[in-house]
Every structure is written in C-alpha cells, then in structure tokens.
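Structure, as structure tokens:
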Amino acid sequence: MPDQYQEKSAFIAIVGRPNVGKSSLLNVMLGQKVAIVSSKPQTTRTRIMGILTQEETQLVFIDTPGLHKPRTRLGDYMVKSVSESVAGVDACMLVVEAGQKIAPAEEELIQKFKKMDLPAVLAINKIDLLEDKSVLMEQILRYTQLFDFQAVVPVSAQTKDGTEELVQELKQLAMPGGHFFESDALTDQPERVLAAEIIREKLLRLLDKEVPHGVAVSVERMHEREDGSGITDLDATIFCERDSHKGIVIGKGGSMLKRVGSYAREDMERFFDCKINLQLWVKVKEDWRNREGLLRNFGFDKKDFDL
0 MPDQYQEKSA FIAIVGRPNV GKSSLLNVML GQKVAIVSSK PQTTRTRIMG ILTQEETQLV
60 FIDTPGLHKP RTRLGDYMVK SVSESVAGVD ACMLVVEAGQ KIAPAEEELI QKFKKMDLPA
120 VLAINKIDLL EDKSVLMEQI LRYTQLFDFQ AVVPVSAQTK DGTEELVQEL KQLAMPGGHF
180 FESDALTDQP ERVLAAEIIR EKLLRLLDKE VPHGVAVSVE RMHEREDGSG ITDLDATIFC
240 ERDSHKGIVI GKGGSMLKRV GSYAREDMER FFDCKINLQL WVKVKEDWRN REGLLRNFGF
300 DKKDFDL
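Using numbering that gives the first Met the number 0, read the sequence shown as starting at 0 and increasing by one per residue.
Shown next as structure tokens:
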C-alpha cells in the first residue's frame, strides 16, 4: 500500500454531562442515526459505538451515558461505563454546552485526562442558542486554563455548524495502523438492539416526567418473511415499573402505544431499508432498574455491577 494511503485509526470516547448533545453530535458526524436522542437527560444508557471511515482514516466513537449522580443499580452501571470507556480509548471528545459554567463532573473528567495523559478535543455544543458570543470566548479561556486540549471547536449539532471542522480535528488524533471495521460499517450494535433503542427513543419523546426512565425495551423476534415480500416481522415488549405506568404507556384506547409504534416503525424502515411489521406489548417488572437479574436480561453484563 502506498505511504500516502497508510491506514490510520483512533478509538474516541464521547464524554460529558447529560443532555449536552453527545448522541446528536455522533449522529451528525456519522451522517446517520445510530444513537437515540431526546430532550430528556440520561437518554443513552449503554456505550454505543459509531464508526466513521473517510479514506485512510477510521474513527471509532464510543458514545457514553451522561455523567450524573446514580440513584439506581442501572445508574451505577451508566456511570461506571463512562470510566471504563475513558480507560480503553486513544483519545476523548469532551462535549459541553455553550454558555454554561464548568461542572464538577467535567473537572473530574479533565483530571482523568491529565492522569492518563490522554489527548482530548473540546466540543462546545449548542452555539446556535448563544446570543452573546463573547460568553463563548470566556468559556474557552476557562477550559483551556484547566487542560491543554488538542483543539477547541464550537459546534451546533442542530445546524451542523462546525461539525466538519470537528471531524477534521478528531482525525488528527488517528495513529498509523489497520482499520478495525469494514469501511461501510456504521455501528457495532446488533439490529435487535438498534430496534429496541428506536422504540425507547419514541417513549422518551412522547411520555412525560419519570415514566420514560422507568421503561426498558426487549425485542423478542426480528425475522424477515420468506415469501419474498421484503417485510420484516418485529415483536417487542416494553417493560415498565408500575401498573399505573403501564396504563400511561398504552394510553386511552391504546392511543399512546399506537403513536409509539407508528413513529418507531417509520424510523426503522428508514434505517433498515425494509418494510417493518411492528407488534408491541407492555408488561410490568417492578423496580427493574435495581434488579440485577432483570438488568442482565436487558443486555447489561453482570461484571458491570461489580462496583
């Protein structure tokens, strides 16, 4: 292979507080939706891998849950997964919100960067919401006084401003070595996991208050019909923690469940590029976020709870 086309790669953890736009930025950089997004904090529960390959450079992103104070065993897992992600990557992208003060959780992350001698890029997101741009310069100064970032890039996941510049800066972190995934790969997530996350996103967007964080989704069956119709049958169960939540998820006359199913099916058909026959059920599993057996059934590894 010619020297000018030597393959390079980097594993990059996307870290930051809840609701700063980590998943949105990942989706914009990939040009495809692989991580669910909502206005509610702690949307991402697991480490979701996104893969961007441009010519000789491959960036493997690990989108982590937002740093928060855990209140359940699930919360413990989410916080632990951030630390593990930072420990196993080549670099980090710290995402913060434009115009906000430095939070203790961000200071802790920056200390980890220093301790591990880990290169990091600072992405200041949501600049489209900032009226006074002088605030941005003050914010950049505060962060750069704490850590010598490889680059500081103001961006907007909403308008896509600065996202191309961000990708170019992240590519500078790649080191010579082979690619880990095929050039057309977007994620390492199994199709069933992606389908379950799409359904959970719709629940997060359509439901209010605490109910969305008390739901989990399990895809029981995903099978393409053999009759040549191109239709994939998908059966999924939504688990909630209380009978009262079950009623809210179903809605009057099944109205809420129909909306969730309709929006989820549209997204799935775009992503999987096929017709989807989606069937949804709702069941109650009380206090599942604190029950390790149920958490393992939902795809969380037992070792992730050995804190």
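Backbone N, C-alpha and C fix where the C-beta goes; we use that ideal spot for every residue, glycine too.
Exercise. Identify whether residue 80 lies in helix, strand or coil by the three-state DSSP scheme.
Key: Annotation note: pLDDT 48 at residue 80 (below 50); position unreliable, coordinate value reported separately. Helix at residue 80.
Quiz item: Which stretch, first to last residue, makes up the beta strand (DSSP E) that contains residue 90?
Solution: Here the beta strand (DSSP E) through residue 90 covers 90 to 96.
Quiz item: With burial defined as no fewer than 16 other Cβ atoms inside 10 Å of the residue's Cβ, what is the status of residue 179: buried or exposed?
Solution: Burial call: exposed.
Quiz item: Does DSSP classify residue 153 as helix, strand or coil?
Solution: Residue 153 falls in the strand class under three-state DSSP.
Quiz item: When you compare each of 30, 259 and 103 to residue 196 by their alpha carbons, which one comes out closest?
Solution: Comparing Cα-Cα distances from residue 196 to each of 30, 259 and 103, the minimum goes to 259.
Quiz prompt | C-alpha distance - residue 27 paired with residue 190, whole-angstrom precision | solution = Rounded to whole angstroms, residue 27 to residue 190 spans 20 Å at the Cα level.
Exercise. Could you please give me the residues that DSSP links to residue 175 through a beta bridge?
Key: Looking at the DSSP output, residue 175 shares a beta bridge with 7.
Practice problem: Just tell me which of 105, 206 and 134 has its CA closest to the CA of residue 245. | Solution: Selected option, being the one with the closest Cα: 206.
Quiz item: Should the region 100 to 111 be regarded as contacting the region 168 to 188, the criterion being three or more beta carbon pairs within less than 8 Å?
Solution: Taking 8 Å as the limit for Cβ pairs, the verdict is that the region 168 to 188 does not touch the region 100 to 111.
Self-check item: Three-way DSSP call (helix, strand, coil) for residue 26 in this model
Solution: Look at residue 26 here: in three-state DSSP terms it is helix.
Quiz prompt | Collapsed DSSP secondary structure at residue 266 in the structure displayed | solution = Residue 266: helix per DSSP, three-state reduction.
Self-check item: Cut-off 8 Å between Cβ atoms - residues of its own chain near residue 5, not counting five sequence neighbours on either side
Solution: If we look at residue 5 and ignore the five residues flanking it on each side, its Cβ neighbours are 55 and 175.
Self-check item: Residue closest to residue 95, alpha-carbon to alpha-carbon, out of 21, 159, 255 and 241
Solution: Of 21, 159, 255 and 241, the residue nearest in Cα terms is 21.
Quiz item: Taking C-beta to C-beta, are residue 142 and residue 121 nearer than 8 Å?
Solution: Yes, they are a contact pair.
Quiz prompt | Cβ neighbour criterion (16 or more within 10 Å) applied to residue 124 | solution = Buried, by the Cβ-count rule.
Practice problem: Going by DSSP, name the residue or residues bridged to residue 260. | Solution: DSSP output for residue 260 lists no bridge partner at all.
Quiz item: Of the choices 136, 151 and 129, whose alpha-carbon is the least far from that of residue 119?
Solution: For the residues 136, 151 and 129, the minimum Cα distance to residue 119 belongs to 151.
Quiz item: At least one CB of chain B closer than 8 Å to the CB of residue 189: is that the case?
Solution: Protein chain content of the structure displayed is limited to a single chain, and chain B is not contained in it.
Exercise. Measure from the alpha carbon of residue 265 to the alpha carbon of each residue in 165, 198, 154 and 110, then state which is nearest.
Key: Each of 165, 198, 154 and 110 was checked against the Cα of residue 265, and the nearest Cα belongs to 198.
Self-check item: Selected residue, minimal CA-CA separation from residue 193, among 163, 226 and 233
Solution: Ranking 163, 226 and 233 by Cα distance to residue 193 puts 233 first.
Quiz item: Which residue comes first and which comes last in the alpha helix (DSSP H) that contains residue 219?
Solution: First-last for residue 219: 215 to 223, but that is the beta strand (DSSP E), not the alpha helix (DSSP H).
Quiz prompt | Check whether residue 129 and residue 97 have beta carbons under 8 Å apart | solution = Taking the C-beta atoms as reference points, residue 97 is found nearer than 8 Å to residue 129.
Self-check item: Spatial distance of residue 135 from residue 155 (CA atoms)
Solution: Using only the alpha carbons, I get a separation of about 13 Å.
Quiz item: Given residue 164, which residues of its chain have a CB within under 7 Å of its CB, disregarding the five upstream and five downstream residues?
Solution: In the same chain as residue 164, and ignoring 5 residues on each side of it, the C-beta atoms closer than 7 Å to its own belong to 152, in chain order.
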